Amino acid sequence: MAQAQAPSNERVRELREQERQAKEDAAENLGEIDALNSDIDDLLGAYDTLLAARDAAEAAADAAKEKLEEAELQQARTEEQIGSLEAEIARTRLLLQDSAIRAFISHQGPNSEQTALSADPWQHERTQALRNFANRSTEDILDELRGQLAELDALRDRSARYVAEVVELRNDELERLGRLRTATQREEDALEDLRLRQHSLTHKVLELEATATGLAAEIEEEERRIAAAIAAAERRARGIAVPPGAPVDLVSVLGFLVNVEIADQVERIILELEAEGFTVGGSGYRTNARQIELRKQHCGTSEFAIYEMSSSACRPPTARPGFSRHEFGLAIDFTYEGRLIRSRDTAVYQAIARIAPNHGLFNLPSEPWHWSDTGT
């Protein structure tokens, strides 16, 4: 049978040194994370400033757009007025032309001297009155035309001012939109920088978590292995005395008293369980007297209860004296952390169920803790 040794203090010191170094690395990573958090805070401040600039540029662009729309509306109205006034001026010119023709025709009668000396003295007065009326009508029309032309000039000046204002507002809008695009681009660049830094931070955090998790698992595994090795070494050192007069050849194997026929299998099972982190205990060989005591405890004290009652009628089930594989040193009741293994859902049971059959021990279906060479 193999002889395992307890781990040395050197291995323990090595483990602690690795733990110390891992903690230093973790602290360094935490420092880097703090620095990244500071950078991100600065970047968020710059981002807020860019957002404010973008909002201001958008507001200015909206205001310029409203002014532009109003100026264009005013210009359109002025152009409409100019068109109406030009049509009115054209009508006035026609009236003026017609008035001039009428005045010309009316002056083609006898001249004033002849009219004054004519036989009809009233003819001169009528002619002069008509001439004066025609002249007044023409002057009125001329005055109206002069006013219309002056209004037309004013409207054209106003239209020119609106055109200039529209051009200025358009240029102002383009300038504001340019600033908006610049602010937006800066915002996008800042966001991209933020994303890159966040990715870097996340990567660092994941590295730190993986390092810490791996280190914790390694330390736990080493400590568990050391504890199991120490327990196994103490168990071997302590050993179990072979009782005199035993009906079979017995040997102490890693704290279990078993038949020499299964000694090697039991040792391999225990060592493989310890390698997986399970330090099991329990009992192997049991004397006939001990089996009778258990029957009294689990089945009853009558002769029938001790020697005849079915094992399944006992609580817990207990084989009749002379029929238990424990009495031949060919069975083991496994315990874990000081308690019988009563559930098949536990990790330790599943480990035994995976390992023991490879070495010739099988489970009794009614008792998760009971393993023997026959499964009974």
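Read in order, the letters of the sequence shown correspond to residues 244 to 619 in the working numbering.
Just so you know, even glycine gets a beta-carbon here, dropped at the ideal spot from N, CA and C.
Keep in mind the model is a prediction, meaning the values are calculated, not measured.
Can at least three beta-carbon pairs, one atom from the segment 564-584 and one from the segment 482-500, be found at a separation below 8 Å?
With a cut-off of 8 Å, the segment 482-500 and the segment 564-584 count as touching, because enough Cβ pairs lie within range.
Report all residues from its chain with a CB closer than 8 Å to the CB of residue 617; omit the five preceding and five following residues, and keep chain order.
Numbered from 1 along the sequence shown, position 374 holds the residue referred to as residue 617. Counting only Cβ-Cβ distances below 8 Å, and skipping sequence neighbours, we find 568, 573 and 605.
Note down the Cα distance separating residue 390 from residue 310, rounded to an integer number of angstroms.
Reading the sequence shown from its first residue, position 147 is the one you call residue 390. Reading the sequence shown from its first residue, position 67 is the one you call residue 310. Taking the straight line from one Cα to the other gives about 32 Å.
With a threshold of 8 Å, are at least 3 pairs of Cβ atoms found where one atom belongs to the segment 515-523 and the other to the segment 541-560?
Segments in contact, no.
DSSP puts residue 578 in a beta bridge; with which residues?
Locating residue 578 in the sequence shown gives position 335, counting from the first residue. Paired residue(s): 524 and 583.
Please return the same chain residues whose Cβ sits closer than 6 Å to the Cβ of residue 552, not counting the five positions on each side in sequence.
Within the sequence shown, numbered from 1, the residue matching residue 552 stands at position 309. Excluding residues within five positions, the ones whose Cβ falls inside 6 Å are 542.
Check for me: the alpha helix (DSSP H) holding residue 547 runs from which residue to which?
Stepping through the sequence shown from its first residue, residue 547 is reached at position 304. Its alpha helix (DSSP H) spans residues 546-550.
Under 7 Å Cβ to Cβ from residue 328, same chain only, skipping five residues before and after it: list those, please.
Taking the sequence shown and counting its residues from 1, the one referred to as residue 328 is at position 85. Excluding residues within five positions, the ones whose Cβ falls inside 7 Å are 391, 394, 395 and 398.
Measure from the alpha carbon of residue 282 to the alpha carbon of each residue in 440, 611 and 302, then state which is nearest.
Against the sequence shown, residue 282 aligns to sequence position 39. Comparing Cα positions, the closest option is 440.
How many angstroms separate the CA atom of residue 615 from the CA atom of residue 456?
Numbered from its first residue, the sequence shown carries residue 615 at position 372. Numbered from its first residue, the sequence shown carries residue 456 at position 213. Spanning the two alpha carbons is a distance of roughly 39 Å.
Taking 8 Å as the threshold, find out whether the segment 559-567 comes into contact with the segment 589-598 through three or more Cβ pairs.
Result no; under three Cβ-Cβ pairs closer than 8 Å.
What are the partner residues of residue 606, as DSSP defines its beta bridges?
Numbered from 1 along the sequence shown, position 363 holds the residue referred to as residue 606. Its beta-bridge partners are 614.
Is there a C-beta anywhere in chain C that falls below 8 Å from the one on residue 333?
This model lacks chain C altogether; it includes just one protein chain.
Return the chain-ordered list of same chain residues with a C-beta closer than 6 Å to the C-beta of residue 526, the five sequence neighbours on each side being excluded.
Against the sequence shown, residue 526 aligns to sequence position 283. Hits under 6 Å: 576.
Output needed for residue 427: all residues of its chain with C-beta closer than 7 Å, excluding positions within five of it in sequence on either side, in chain order.
Taking the first residue of the sequence shown as position 1, residue 427 is located at position 184. Counting only Cβ-Cβ distances below 7 Å, and skipping sequence neighbours, we find 297.
For residue 584, does the count of other Cβ atoms within 10 angstroms reach 16, so buried, or fall short, so exposed?
Here residue 584 refers to the residue found at position 341 of the sequence shown. Classification for residue 584: buried.
Given a cut-off of 8 Å, decide if residue 530 and residue 600 are closer than it, judged by their beta-carbon atoms.
Walking along the sequence shown from the start, residue 600 turns up at place 357. Walking along the sequence shown from the start, residue 530 turns up at place 287. Taking 8 Å as the Cβ cut-off, residue 600 and residue 530 do not qualify as a contacting pair.
With DSSP collapsed to three states, give me the class of residue 493.
Within the sequence shown, numbered from 1, the residue matching residue 493 stands at position 250. Here residue 493 sits in strand by DSSP.
Regarding residue 527 and the ligand NAP, is the C-beta to nearest heavy atom distance less than 7 Å?
In the structure on display, the ligand NAP does not appear, and there are no ligands present to speak of.
Comparing alpha-carbon positions, which option in 498, 261 and 511 lies nearest residue 578?
In the sequence shown, the residue the question calls residue 578 occupies position 335. Of the candidates 498, 261 and 511, the one whose C-alpha sits nearest the C-alpha of residue 578 is 498.
Run the CB neighbour count on residue 502, radius 10 Å, all protein chains shown included, and call it buried at 16 or more, exposed below.
Locating residue 502 in the sequence shown gives position 259, where the first residue counts as 1. Classification for residue 502: buried.
Buried or exposed for residue 608, going by 16 or more other Cβ atoms inside 10 Å?
Taking the sequence shown and counting its residues from 1, one reaches residue 608 at position 365. Looking at its Cβ environment, which holds fewer than 16 other Cβ atoms inside 10 Å, residue 608 is exposed.
Please classify residue 407 as buried or exposed, where buried requires at least 16 other C-beta atoms within 10 Å of its C-beta.
Within the sequence shown, residue 407 is the residue found at index 164, counting from 1. Counting Cβ neighbours within 10 Å, residue 407 comes out exposed, since fewer than 16 surround it.
Going straight from the alpha carbon of residue 417 to that of residue 301, what length do you get?
As a working note, residue 417 is residue 174 in the sequence shown. As a working note, residue 301 is residue 58 in the sequence shown. Computed Cα separation, rounded: 12 Å.
What do you reckon, are the CB atoms on residue 598 and residue 505 nearer than 8 Å?
Position 355 of the sequence shown, counted from the first residue, corresponds to residue 598. Position 262 of the sequence shown, counted from the first residue, corresponds to residue 505. It is not a contact, given that the beta carbons lie outside the stated cut-off.
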